[in-house]
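Q:
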Amino acid sequence: MGDMERWCPPSTGTVKCNIHVNWGSAALISGGAWIARDHTGNVLFHGRDAFTPSPNRMIAELRGILWVMQSARDLHFHSICIASDHRDTAEALLSPASWPWFRCLLEQIMALCNSFFSVAFEVEKVGANSIVRDIAKSVMRDGRLQSYLALGGPAWLHSRIIREATRQD
Numbered sequence: 001m002g003d004m005e006r007w008c009p010p011s012t013g014t015v016k017c018n019i020h021v022n023w024g025s026a027a028l029i030s031g032g033a034w035i036a037r038d039h040t041g042n043v044l045f046h047g048r049d050a051f052t053p054s055p056n057r058m059i060a061e062l063r064g065i066l067w068v069m070q071s072a073r074d075l076h077f078h079s080i081c082i083a084s085d086h087r088d089t090a091e092a093l094l095s096p097a098s099w100p101w102f103r104c105l106l107e108q109i110m111a112l113c114n115s116f117f118s119v120a121f122e123v124e125k126v127g128a129n130s131i132v133r134d135i136a137k138s139v140m141r142d143g144r145l146q147s148y149l150a151l152g153g154p155a156w157l158h159s160r161i162i163r164e165a166t167r168q169d
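Count the sequence shown with the UniProt record's numbering and you get residues 1 to 169, in order.
This is the structure we're talking about:
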């Protein structure tokens, strides 16, 4: 795996929240997951949820971003970086006026930005977002519909989290 596919830590004082929403169709639930890590790669929290059906992937992704931001606010994070591997989401967050169909959700996200000292949005490579992708996929694949927020990372992904934090292959 090349450096561009590796998870990269945030700057000191910022919490990086990787997110993925597993959307399949307008008729199905979506699985969402996020993982919050500090500049050393230490996992602070992770969460998983099942979302009611969304008409398209973009709406599912934006609902996921709202969920992460509300959680980060409630956990009293001050500086956050939200990393998603869905490029359109990042583009919409960086230029909301270009995405008028999603104005309502984008306005809610922008309003939540005022809850933080700083908020950054970035596009993450799929390979660098694989841990959170696997958690999100478990919602629909394994029928894990129970929402939760937990300290640390999930035990079944512990060795991968440690490898990413220490940047070993």
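Each residue gets a CB set at the ideal place from its N, CA and C atoms; glycine is no exception.
Under the assumption that S30 contacts N22 (Cβ atoms under 8 Å), give the Cβ distance between them as a whole number of angstroms.
A: Indeed, because the Cβ distance is near 6 Å, the residues count as touching under 8 Å.
Q: For the segment 112-125 against the segment 72-88, are there 3 or more C-beta pairs whose distance is under 8 Å?
A: Contact holds: three or more Cβ-Cβ distances are below 8 Å.
Q: From I109 to D49, what distance separates their C-alpha atoms?
A: If I take the Cα positions, the gap works out to 18 Å.
Q: Could you tell me whether the Cβ atoms of F45 and A150 are closer together than 8 Å?
A: Yes. Within cutoff.
Q: Is it buried or exposed for T166, if we count other Cβ within 10 angstroms and need 16 for buried?
A: Counting Cβ neighbours within 10 Å, T166 comes out exposed, since fewer than 16 surround it.
Q: Helix or strand or just coil, what does DSSP make of L44?
A: In this structure, L44 counts as strand in the three-state DSSP scheme.
Q: Please name the residue in M69, V43, A26 and G32 whose C-alpha comes closest to that of P55.
A: Out of M69, V43, A26 and G32, A26 has the C-alpha closest to the C-alpha of P55.
Q: Count the other CB atoms, across all protein chains shown, that sit within 10 Å of the CB of W34; report buried if there are 16 or more and exposed otherwise.
A: So W34 counts as buried.
Q: Please give the ranges of any beta strand (DSSP E) in the segment 123-159, keeping only runs that are unbroken, at least 3 residues long and fully inside the region.
A: The qualifying runs are 148-151.
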